[in-house]
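Line order of the protein sequences matches chains A and B. The opening residue of the first sequence carries number 1 in my numbering; numbering runs sequentially from there. The opening residue of the second sequence carries number 1001 in my numbering; numbering runs sequentially from there. Even glycine gets a Cβ: it sits at the ideal position worked out from N, Cα and C.
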Amino acid sequence: MSGKPKLHYFNGRGRMEPIRWLLAAAGVEFEECYLETKDDLIKLQKGGSLLFQQVPMVEIDGMKMVQTRAISNYIAAKYNLYGKDLKERALIDMYVEGMLDLNELLITHPFQPADKKEQHFATLVDKATNRYFPAFEKVLKDHGQDFLVGNRFSKADVQLLEAILMAEEYKPDILAKFPLLQSFKARISNIPTIKKFLQPGSQRKPQIEEKDVQKVLKIFY
Amino acid sequence: MAGKPRLTYFNGRGRMEPVRWLLAAAGVEFEEKFLESREQYEKLIKGGDLMFQQVPLVEIDGMKLVQTRAILSYIAGKYNLYGKDLKERALIDMYVEGITDLMQMILVFPFSPPEAKEKNLESIKERATNRYFPVFEKVLKQHGQDFLVGNKFSWADVQLIEAILAVEEQIPAVLSAFPQLQAFKIRMSNMPTIKKFLQPGSPRKPPPDEHYIETVVNILKI
């Protein structure tokens, strides 16, 4: 037993990717166990490891944690990426929840049926450029600091960078109207642990390809 | 300025109800501002108080908090309903997140088209009795304590009693196979702050009716 956190999910981003980002940002090495077929999921469920029969599941510090937010909160607090007090945590939570709403659009896009894809893409771009990115541009503008909360690197910064990079994959110029987010992106990408995670060979997962969408759907449905 | 938290939402349960439950359980008095028209909502958005142009909004301790989970986590932390350490917090978070997934089904149910209602109700029943309630029945059975986490009243207990009562409104016999949850329900309902919240005249909102659905559909343009 290695003592490293062990992540159980399919070999792709989905709902596990924010956790990979956070562990990597905190400089924590982790192992991964991939679900390839429905049988793999059933085996985990039958074994009693999944509290609500679902993945993500992360084995960490003697716990088998499920529910992405619970896992993310635990990691953030353990590695001091959750602000210095309740009020900073509230800001981080508020920002991250907004980002997760955007994230939901980004990660579900490849799984949209063909006749809904165009509309979904339009919604994704609209929400990113008119709701979420302006909110964070304003946060950075108002305090003029390098990080979103408390002048200190936190889970909010990690989540925002992840959202920005994913949105840019869909629309490369999506940050055109957001100069502070552009410099934020450059700044956070250069943090050593993040820089390492952004390099080829890291455990960061690529965007899912069309040919793998069916395979993933078969695991869960 | 009252100093009491101020909640801005529609005059109904929706996504604000867990916040009302948690404040009430903590014995905290609060004020409410109800959205009744599209104009009012647009004015609120223009005013810049809604970080992502959405409600719930809770003004508390000088902050204008949006996003239900952020609001709930803050209240739980402030009023000592979030466990004694990181590991207890992790358990509370896991349980609350699971219950929230079940509550999400309850939340959207009134808005389902008539032809989908029966199927959706079946799904709620299936998930409640096969996925979520068995988990908490087992938790209570295994440690034999009164509360879900750390032998102490927490946000997880409040969320669970809310969910039990909400599901029972749709499926009255839903707890029939869960004796621990039946006892839990009675125990929680008898805690003074919760007992008070369950009485007529409290800020607790009734189940969604036609008028509520119409108001939400009009204001949010869904």
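#1: If you measure from the beta carbon of GLY98/A to each beta carbon in chain B, is any gap under 9 Å?
#2: Count the other C-beta atoms from every protein chain shown that fall within 10 angstroms of the C-beta of VAL66/A, then say buried if there are 16 or more, exposed otherwise.
#3: Could you list which residues in chain B have their beta carbon closer than 7 Å to that of MET57/A, in chain order?
#4: Taking LYS87/A as the query, report the chain B residues whose CB atoms sit under 9 Å from its CB, ordered along the chain.
#5: Quick one: what's got a C-beta closer than 6 Å to ALA1076/B's C-beta in the same chain, skipping five residues either side?
#6: In whole angstroms, what separates the C-alpha of VAL1158/B from that of TYR1074/B?
#7: Just list the alpha helix (DSSP H) runs in the segment 27-86 of chain A, keeping only unbroken ones of 4 residues or longer that don't cross its boundaries, in chain order.
#8: Counting only Cβ-Cβ distances shorter than 7 Å, please list the residues of the segment 63-74 of chain A near chain B, keeping chain order.
#9: Kindly confirm or deny that the segment 90-101 of chain A and the segment 1101-1121 of chain B touch, where touching means at least three C-beta pairs closer than 8 Å.
#10: Using Cβ-Cβ distances below 8 Å, what residues of the segment 1114-1140 of chain B are close to chain A?
#11: Going straight from the alpha carbon of GLN1040/B to that of GLN1145/B, what length do you get?
#12: Can TYR181/A and PHE153/A be called in contact, C-beta distance under 9 Å?
#13: Would you mind reading off the limits of the beta strand (DSSP E) that contains THR1193/B?
#14: Any beta carbon of chain B sitting closer than 9 Å to that of LEU51/A?
#15: For the pair the segment 23-33 of chain A and the segment 185-202 of chain A, tell me if three or more CB-CB distances fall below 8 Å.
#16: Applying the criterion that 16 or more other CB atoms from any shown protein chain within 10 Å of the CB defines a buried residue, is GLU97/A buried or exposed?
#17: Is it true that the segment 1129-1140 of chain B meets the segment 1165-1180 of chain B, where meeting means three or more beta-carbon pairs spaced less than 8 Å apart?
#18: Who are the neighbours of ASP93/A on chain B, taking C-beta pairs under 8 Å?
#19: Between the beta-carbon of ARG1015/B and the beta-carbon of ILE1219/B, is there less than 9 Å?
#20: Are the C-beta of LYS1043/B and some C-beta of chain A separated by less than 9 Å?
#21: Quick one: using the 10 Å Cβ neighbour count with 16 as the cut-off for buried, is GLN1067/B buried or exposed?
#22: For TYR1079/B, does the three-state DSSP call read helix, strand or coil?
#23: If ASP146/A and ARG187/A are in contact, beta carbons under 8 Å, what's the gap, nearest whole angstrom?
#24: Reducing DSSP to helix, strand and coil, say where ARG1006/B ends up.
#25: Bridge partners of LYS1058/B, per DSSP?
#26: Please report how far the alpha carbon of ASP1209/B lies from the alpha carbon of ARG1013/B, in whole angstroms.
#27: What number of angstroms, rounded off, separates the C-alpha of ASP40/A from the C-alpha of ARG15/A?
#28: Determine the DSSP secondary structure at LEU124/A, reduced to helix, strand or coil.
#29: Taking Cβ-Cβ distances shorter than 9 Å, what residues in chain B pair up with LYS185/A?
#30: Could you say which of SER1123/B, LYS1046/B, LEU1023/B and PHE1111/B lies nearest to VAL1058/B if we only look at CA atoms?
#31: What do you reckon, are the CB atoms on PRO56/A and ILE19/A nearer than 9 Å?
#32: By the criterion of Cβ-Cβ separation under 7 Å, what are the contact partners of ARG131/A in chain B?
#33: Tell me which residue opens and which closes the alpha helix (DSSP H) that HIS8/A is part of.
#34: By the DSSP assignment, the beta strand (DSSP E) with PHE1034/B in it spans what residues?
#35: Between LYS4/A and GLU32/A, how many whole angstroms is the CB-CB distance? I'm expecting something under 8 Å.
#36: Which residues in the same chain have their Cβ closer than 6 Å to the Cβ of PHE1153/B, if we skip the five residues on either side of it in sequence?
Let's see:
#1: yes
#2: buried
#3: Going along chain B, no residue has its Cβ under 7 Å from MET57/A, so there is no contact; the nearest lies around 11 Å.
#4: ASP1061, GLY1062, MET1063 and TYR1074
#5: TYR1082 and TRP1155
#6: 15 Å
#7: 38-46 and 68-78
#8: MET63, MET65, VAL66, GLN67, ARG69, ALA70, ASN73 and TYR74
#9: no
#10: ARG1131, TYR1132 and VAL1135
#11: 47 Å
#12: According to the sequence provided, residue 181/A is Leu. The question's Tyr does not apply to it. Going by C-beta atoms, LEU181/A is not nearer than 9 Å to PHE153/A.
#13: That residue, THR1193/B, is in no beta strand (DSSP E); its alpha helix (DSSP H) goes 1192-1197.
#14: yes
#15: yes
#16: buried
#17: yes
#18: GLN1067, ARG1069, ALA1070, SER1073 and TYR1074
#19: no
#20: no
#21: buried
#22: coil
#23: 6 Å
#24: strand
#25: Going by the sequence as given, residue 1058/B is Val instead of Lys. LEU1007/B and LEU1065/B, per the DSSP bridge assignment.
#26: 10 Å
#27: 18 Å
#28: helix
#29: The contacting residues do not exist; LYS185/A stays about 20 Å from chain B at best.
#30: LEU1023/B
#31: yes
#32: PHE1052 and GLN1053
#33: Note, HIS8/A: premise wrong, no alpha helix (DSSP H); beta strand (DSSP E) at 6-10.
#34: 1031-1035
#35: Actually they are not in contact, since the Cβ atoms of LYS4/A and GLU32/A sit about 10 Å apart, beyond 8 Å.
#36: PHE1147
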